[in-house]
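Q: The structure under discussion is supplied below as structure tokens; questions concerning it will follow.
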Amino acid sequence: MNRKFAFIGSGELAGAITECLTTFYYGGEGGEPFVLYDVNKVQYEKFTGKNFEVADSIKDAVFRCDIIVLSVKPQHISSVLTEIKEGCPNLSGKTFILPAAGVYISRVTDVLGNVPVIRIMPNMPLKIGYGVTALCANSFVSPDVYSFVKDVFAAGGMTFELPESSMNPVIAATSSSPAYVYLFIKAMIDGCKATGLDPDVMLKPICRTVIGSVNMLLYSGKTPDELISMVATPGGTTERALSILQKRGFCDAVFEAMLDCTRRADEMSKF
């Protein structure tokens, strides 16, 4: 099933989704060209070499496509929906994809009526085929369209379904969390400098260590605590390092960061 995608907004998230669609779902060949509309025309330069078309307006993008991705910031959703309502009286056959943090499906249906909406929460590794995307949908989404959209995102990683009540909390767990990992690795690079190691040499080994550790957790069947115990022998170097992390509140900081991330998503629901 080939359906045509329109992207209202062409920022980093749209870039990740279009990469998933063209490279991983269509395999770099074939498929319908996607349509872009952005008030900042410079953004289109990022898509050079991709199979895309440029719309003249939001109305034009919606008219030409089956699946409309509202890839704008949460504070711009209301104005985009108003423009769609005023310019597109007939939305029959259109399905809307909602990736904006903190924006509920009801925000769309309150303005556009009983239209099919799939709310997604992807993350940026989608761009390289290692994404994680949470999904939920309203009752107006047809099973075949939902299956198609789910397959598109599964081509760029893994997908899982949640009730919409969990879509704000999951941001802290899977969508914002790549930044936590990058910050952790940045801190390790700084530690390498302090201990006399060349950070340029150490970046790749550190990343591979993170990947290996994660794979052990995924495939060993052991809990995080069990794996920590396997590495941290009593009186050894790892135990000393973990002691510092605990004294400095490492786990508490991550816990509080996730809570505040969710609070921010809830605040953004009110934009």
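In numbering that gives the first Met the number 0, the protein residues as written are 0 to 270.
In this text, a Cβ means the ideal position worked out from N, Cα and C, and glycines have one as well.
Determine the direct distance from the alpha carbon of ALA99 to that of LYS72, and round the result to whole angstroms.
A: 6 Å
Q: Could you name the residues of the same chain whose beta carbon sits closer than 7 Å to that of VAL61, not counting the 5 residues immediately before and after it, in chain order?
A: Excluding sequence neighbours, VAL61 sits near ALA5, ILE67, ILE83, CYS87 and LYS93.
Q: How is THR237 classed by DSSP in three states: helix, strand or coil?
A: Three-state result, THR237: helix.
Q: At the level of alpha carbons, what is the spacing between GLU266 and SER141?
A: 31 Å
Q: Going by CA-CA distance only, name the one from LYS126, ILE117 and GLU18 that's closest to SER146.
A: Checking every option, the nearest Cα to that of SER146 belongs to ILE117.
Q: Less than 8 Å between C-beta atoms, sequence neighbours within five positions excluded: which residues of the same chain meet that for MET157?
A: The answer, listed in chain order, is GLY130, VAL131 and THR132.
Q: Given PRO223, which residues of its chain have a CB within under 8 Å of its CB, disregarding the five upstream and five downstream residues?
A: LEU216
Q: When the distance is taken between beta carbons, is ASP59 closer than 8 Å to ARG2?
A: no
Q: By Cβ distance, which residues of its chain are closer than 6 Å to GLU18, with the 5 residues on each side in sequence left out?
A: LYS126
Q: Between GLY112, THR261 and ALA178, which has its C-alpha nearest VAL169's C-alpha?
A: THR261
Q: When the Cα atoms are used, what is the spatial distance from SER105 to CYS191?
A: 49 Å
Q: Buried or exposed: where does ASN122 fall if 16 or more other Cβ atoms within 10 Å of its Cβ makes it buried?
A: buried
Q: Sort out for me which residues DSSP pairs MET120 with in a bridge.
A: Paired residue(s): ALA133.
Q: Which one or two residues does DSSP pair with LEU97 in a beta bridge?
A: ARG118
Q: When you compare only the Cα positions, how much space is there between ALA271 and THR237?
A: Examination of residue 271 is not possible in this model, given that the chain is present from 0 through 270 alone.
Q: Under a three-way DSSP split, which group does VAL68 fall into?
A: strand
Q: I'd like to know if the stretch 247-262 and the stretch 159-178 are in contact, where contact means that at least 3 CB-CB pairs between them fall below 8 Å.
A: yes
Q: Going residue by residue through the stretch 161-215, where are the continuous beta strand (DSSP E) segments of at least 3 residues, counting only ones entirely within it?
A: none
Q: Which whole-angstrom value is the C-beta distance of LEU97 and LEU69, which I expect to be below 8 Å?
A: 6 Å
Q: In the DSSP assignment, find the beta strand (DSSP E) that holds PHE270 and state where it starts and stops.
A: No beta strand (DSSP E) holds PHE270; DSSP gives it neither H nor E.
Q: DSSP has MET157 in a bridge; who is on the other side?
A: Paired residues: VAL131.
Q: Figure out for me which residue from VAL53, THR108 and ILE205 has the closest Cα to the Cα of SER77.
A: THR108
Q: How big is the Cα-Cα spacing for PRO198 and GLN42?
A: 33 Å
Q: Is LEU97 close to the ligand SAM? I mean its beta-carbon at under 7 Å from any heavy atom of the ligand.
A: Ligands displayed in this structure: none; no statement on the ligand SAM is therefore possible.
Q: Would you kindly work out how many angstroms separate the C-alpha atoms of PRO115 and TYR103, rounded to a whole number?
A: 13 Å
Q: Do the CB positions of GLY8 and ASP37 come within less than 8 Å of each other?
A: yes
Q: Which one or two residues does DSSP pair with LEU35 in a beta bridge?
A: PHE6 and VAL53
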